[in-house]
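Chemist: Just so you know, we're using the numbering used here here: the sequence shown kicks off at 9 and counts up by one.
Glycine is no exception: its CB is placed at the ideal position from the N, C-alpha and C atoms.
Note that this is a predicted model, so its numbers are computed, not measured.
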Amino acid sequence: METSKVQEIFNSTAIKDIENEILLMQHEIEKRHFEYEAGEEVIKCLLGTRKSLLNKMFVMDEESKNLLSDFNEALKAQMIEMRKRALSIYASNVNSGLLSSFTLKGRCFMGYEYSKIHPVQTMRAKKMWAVLNGSLADYMPLYMDGVDIFELDYSEGNDCDFPSENQLLYLDEKIDNWNDELDQEMTKDMHLIHPFHNLYSHLDFSIFDLLWVRDFNIELSLESNFSTYPEDYPNDDLDWSRYDFDD
């Protein structure tokens with residue numbers, strides 16, 4: 009779609025009204041004029057409506073297809089990089105022998121800064137991105153772990169089964185094309201990855217929110233629990249069926 013057409017869509021009364029309503033609600037929450045819990049539910053509902061309105065205005069043409077391909081490739085590269093770094097950290101910790109068990113999680117998020125190449129560069133657009141990307145609140149619970157999560161569990165003596173790149177990208181060893189809900193003919197040769205499907209089909213990002221994203225944030229975390237009790241430490245056998253605590 010041409011730049012002028014995208015700008016026209018975001019300047020339409022329907023989109024301006026619903027985005028202003030979302031941002032006004034966020035403004036009231038920030039000023040503590042509105043309870044967060046109630047405001048959160050309103051914003052969640054409005055984000056779904058906004059996505060529906062924008063996606064109905066989208067037309068898949070060659071320019072849009074190229075933008076989608078660029079986004080898909082950028083996301084794919086970061087998912088592969090996340091897996092590579094996670095495996096490196098995993099191997100380092102196993103080889104060190106310091107931890108008998110741990111869980112390593114890799115998460116990939118779209119960049120928190122609004123895309124500088126998006127054709128709409130208004131303050132409204134930038135604040136909407138802050139609402140969408142989770143930097144203010146978790147208005148999309150399914151996005152709390154990002155576009156996808158890569159998790160490895162290690163316990164001493166048990167080898168971890170590492171998902172391959174294709175399993176991470178397509179949920180299968182075969183290269184697939186997760187082009188559900190898009191023009192099937194136009195996208196039949198695109199090999200869209202599963203994380204894109206997550207964003208487009210299961211979250212409240214519109215297609216216009218994704219096409220110009222090229223930057224991402226990778227988060228890697230390692231969790232390990234261990235006890236300082238000696239092996240023969242006696243455990244308390246608590247019987248909660250008894251009223252025996254009036255002592």
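Suppose contacts are defined by Cβ-Cβ distances below 8 Å. Is MET198 in contact with ASP156 by that definition?
Modeler: Position 190 of the sequence shown, counted from the first residue, corresponds to residue 198. Position 148 of the sequence shown, counted from the first residue, corresponds to residue 156. Cβ atoms of MET198 and ASP156: not closer than 8 Å.
Chemist: Check whether chain B comes within 8 Å of ILE51, counting only Cβ atoms and requiring the distance to be less than that.
Modeler: Absent here is chain B; the protein component of the structure consists of one chain.
Chemist: Kindly indicate which residue of SER214, VAL128, LYS92 and ASP217 has the alpha-carbon position closest to the one of PHE170.
Modeler: Reading the sequence shown from its first residue, position 162 is the one you call residue 170. Of the listed residues, the one whose Cα sits closest to PHE170 is LYS92.
Chemist: DSSP state of CYS53, grouped into three classes?
Modeler: Reading the sequence shown from its first residue, position 45 is the one you call residue 53. Helix, per DSSP.
Chemist: Closest to LEU140 by C-alpha separation, out of GLN129, GLU239 and ARG58, would be which residue?
Modeler: What you label residue 140 is simply residue 132 of the sequence shown in a count that begins at 1. Comparing Cα positions, the closest option is ARG58.
Chemist: For VAL67, count the other beta carbons within 10 Å of its own beta carbon; 16 or more makes it buried, fewer makes it exposed. Which is it?
Modeler: For the purposes of this step, residue 67 is taken as residue 59 along the sequence shown, with counting starting at 1. Its Cβ having fewer than 16 others within 10 Å, VAL67 is exposed.
Chemist: Could you say which of ASN225, SER249, ASN187 and TYR251 lies nearest to ASN80 if we only look at CA atoms?
Modeler: One-based indexing of the sequence shown puts residue 80 at position 72. Nearest C-alpha to ASN80: ASN187.
Chemist: By DSSP's criteria, ASP156 is part of a beta bridge. Which residues make up the other side?
Modeler: Residue mapping note: residue 156 aligns to position 148 of the sequence shown, counting from 1. Answer is CYS116, bridged to ASP156.
Chemist: Going by CA-CA distance only, name the one from ASP153, GLY165 and TYR241 that's closest to GLY105.
Modeler: Stepping through the sequence shown from its first residue, residue 105 is reached at position 97. Comparing Cα-Cα distances from GLY105 to each of ASP153, GLY165 and TYR241, the minimum goes to GLY165.
Chemist: Taking the straight line between their C-alpha atoms, what separation do you get for LEU95 and GLU181?
Modeler: Along the sequence shown, one-based indexing puts residue 95 at 87. Along the sequence shown, one-based indexing puts residue 181 at 173. If I take the Cα positions, the gap works out to 18 Å.
Chemist: Can you tell me whether PHE18 is helix, strand or coil according to DSSP?
Modeler: As a first step, residue 18 must be located in the sequence shown, where it is residue number 10. Looking at PHE18 - three-state DSSP - the assignment turns out to be helix.
Chemist: LYS13: which of SER72, ASN28, ASP153 and ALA82 sits nearest, CA to CA?
Modeler: Your numbering for residue 13 matches position 5 in the sequence shown. Nearest option by C-alpha distance: SER72.
Chemist: Identify, in the order they occur along the chain, each residue of the same chain with its Cβ nearer than 7 Å to the Cβ of VAL257, setting aside the five sequence neighbours on each side.
Modeler: Past the boundaries of the shown model lies residue 257; the chain is included only from 9 to 255, so the question cannot be answered.
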